[in-house]
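According to the working numbering, the sequence shown holds residues 3 to 86 in order. Glycine is no exception: its CB is placed at the ideal position from the N, C-alpha and C atoms.
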Amino acid sequence: MTEEKARAYWKENISAILKLLAVWFLVSYGAGILFINQLNHIEISGVKLGFWFAQQGSIYIFVLLIFVYVKWMNKIDEKYDVHE
Numbered sequence: 003m004t005e006e007k008a009r010a011y012w013k014e015n016i017s018a019i020l021k022l023l024a025v026w027f028l029v030s031y032g033a034g035i036l037f038i039n040q041l042n043h044i045e046i047s048g049v050k051l052g053f054w055f056a057q058q059g060s061i062y063i064f065v066l067l068i069f070v071y072v073k074w075m076n077k078i079d080e081k082y083d084v085h086e
């Protein structure tokens, strides 16, 4: 792999990580702390949405982000021919 191609690979890798970290931050800090009062006006099955995000929703999103990261990195690996 050329140095230029390696730099492009890592740039795309870091960009993907930063985007997923932004989602992680918005869900954990935003939905669980900052916007909890606004989200609590919405109820699903008798549970306030802000409370749900603070207790369980963020965990589901975190696990989903792991699967998104794996799929995204597999695409990047194939694009730069570094897949297994």
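Straight across, the Cα-Cα distance linking Trp-54 with Ala-24 is about 20 Å. Taken through DSSP and simplified to helix, strand or coil, Val-84 comes out as coil. Put simply, of Asp-83, Ile-46, Val-65, Glu-5 the residue whose alpha carbon is nearest the alpha carbon of Leu-22 is Val-65. The beta carbon of Lys-50 is closer than 6 Å to those of Asn-42 in its chain, skipping five residues each way along the sequence. The Cβ atoms of Glu-14 and Ile-78 lie closer than 7 Å to each other. Counting of Cβ neighbours within 10 angstroms places Gly-59 among the buried residues, the total reaching 16 or more.
In this structure, the CA atom of Ser-47 is about 39 Å from the CA atom of Ile-16. A direct Cα-to-Cα measurement between Glu-80 and Thr-4 gives close to 16 Å.
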